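The numbering of the sequence shown is the numbering used here, which starts it at 3 and goes up by one.
The beta-carbon is built from N, C-alpha and C at its ideal position, and this holds for glycine as well.
Quick caveat: nothing in here was measured; it's all calculated off a predicted structure.
A quick write-up on the structure given underneath.
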Amino acid sequence: MKKSYCYLIPALLVLGACASKKVTTTTAPSTANAASAVNGNTSITNDGKIWASLWQQRAAEYRALCFQAYNIAKQRVDEGVKKVSTKPLAIVTDIDETLLDNSPYDAAQGLKNADYSDKTWKQWTDKAQADTVPGAPAFFKYAASKGITIYYITNRNENERGATLYNLQKYAMPNANDEHLFLKNGNSSKEDRRQEVLKTHEILLLCGDNLPDFNMLYDNHPTEENRTAITQKLQKEFGSRYIVIPNPSYGDFEGALFQYNYKLSPAQKDSIIRAKVKADR
């Protein structure tokens, strides 16, 4: 899932899995922000981004969660191919933090006490040097070996197509071509693109790190309370048709936290986090 604002405090690392597209902004870090980063005084939000990236890169627990998710996915493939279907089977997967690991970008922005921006994100994806999420390449190659077609539905922009395909092809990902790569089409909702796949295939599994990767009920900026209620309603789908990969750095969970106001200053975001986090007082 492509990036959005990416803010997280260390205490939120226990959330394990969240994430979709970063909401775009072109705001550059201020001189004051840069100076505070040099002095080791980052905001709570950006300091949290650094910790989240560190956990993603270094924690064996992160790898274990990814392996757990893809081990379950493999079991579902083995079960699914035994069933009779009127259409060929497909798996729909997100890319960012589901298949490709962009934590070096998040860490770099955090260390500069800087927000996400379209410009810096594009500079990162143009390099096509993102590593893979643990367990992801082996799983998708296994699924393809069973005759399942892989579709990549991402909220990266069309001008990232070439670099995205190159990055996937570096790891010999199955079906990594224009026909099977659906980028953002002017709407961040992925439902229309999922429906395109359903015209020709039965979707066996959906893999993602952000809840809108799975169901349109998460579209249109639901509140934190509504996201929780929807998740409760869909609980049987998780581990069955929905395979969630942990992403502690960014996603719609933080959009909901900030009521989808992406113009908030770092100080305003920090204030919201202080008010909402459970902490011994």
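Legend entry - Of the listed residues Ile46, Phe142 and Leu67, nearest to Arg78 (C-alpha basis): Phe142
Legend entry - Rounded separation between Asp2 and Thr134 - CA only: Outside the displayed span of the chain (3 to 283) sits residue 2, for which this structure offers no information.
Inset, instruction - Taking only the alpha-carbon atoms, compute the straight-line gap between Thr33 and Ile155 and give it to the nearest angstrom. - result: A caution first: Thr33 carries a pLDDT of 47, below 50, which makes its placement in the model too unreliable to give a value.
Legend entry - Three-pair Cβ contact test at 8 Å for the region 144-164 versus the region 120-127: yes
Legend entry - Counted within 10 angstroms of its Cβ, other Cβ atoms place Asn249 as buried (16 or more) or exposed: buried
Legend entry - Beta-carbon proximity check, Gly183 vs Leu167, cutoff 8 Å: Note that residue 183 is Leu in the sequence shown, not Gly. Yes, the pair counts as a contact, with Cβ atoms nearer than the cut-off.
Inset, instruction - Helix, strand or coil for Ile74, going by three-state DSSP, please let me know. - result: helix
Inset, instruction - Note down the Cα distance separating Phe255 from Asn222, rounded to an integer number of angstroms. - result: 13 Å
Inset, instruction - Just tell me which of Phe260, Pro106, Ser55 and Ile150 has its CA closest to the CA of Ala277. - result: Phe260
Inset, instruction - For Gln270, count neighbouring C-beta atoms within 10 Å of its own C-beta (all shown protein chains included) and say buried if the count is 16 or more, exposed if not. - result: exposed
Inset, instruction - Determine the direct distance from the alpha carbon of Asn177 to that of Asn217, and round the result to whole angstroms. - result: 23 Å
Inset, instruction - Using beta-carbon positions only, say whether Leu91 and Ile150 come within less than 8 Å of one another. - result: yes
Inset, instruction - Just mark Asp215 as buried or exposed, buried being the case when its beta carbon has 16 or more other beta carbons within 10 Å. - result: buried
Legend entry - Burial state of Val199, where buried means 16 or more other Cβ atoms lie within 10 Å: buried
Legend entry - For Tyr72 and Tyr173, the rounded distance between their alpha carbons: 17 Å
Inset, instruction - Could you tell me whether the region 110-118 touches the region 224-240, using the rule of 3 or more Cβ pairs below 8 Å? - result: no
Inset, instruction - Give the straight-line distance between the Cα atoms of Ser87 and Thr202, rounded to the nearest whole angstrom. - result: 12 Å
Inset, instruction - From the DSSP output, in three-state form, read off Trp53 for me. - result: helix
Inset, instruction - Identify whether Val246 lies in helix, strand or coil by the three-state DSSP scheme. - result: strand
Inset, instruction - Counting only the same chain and skipping the five closest in sequence on each side, list residues whose C-beta sits under 8 Å from that of Lys129. - result: Ala165
Inset, instruction - Sort Asn187, Thr100, Ala66 and Ile93 by Cα distance to Gly253 and report the nearest one. - result: Thr100
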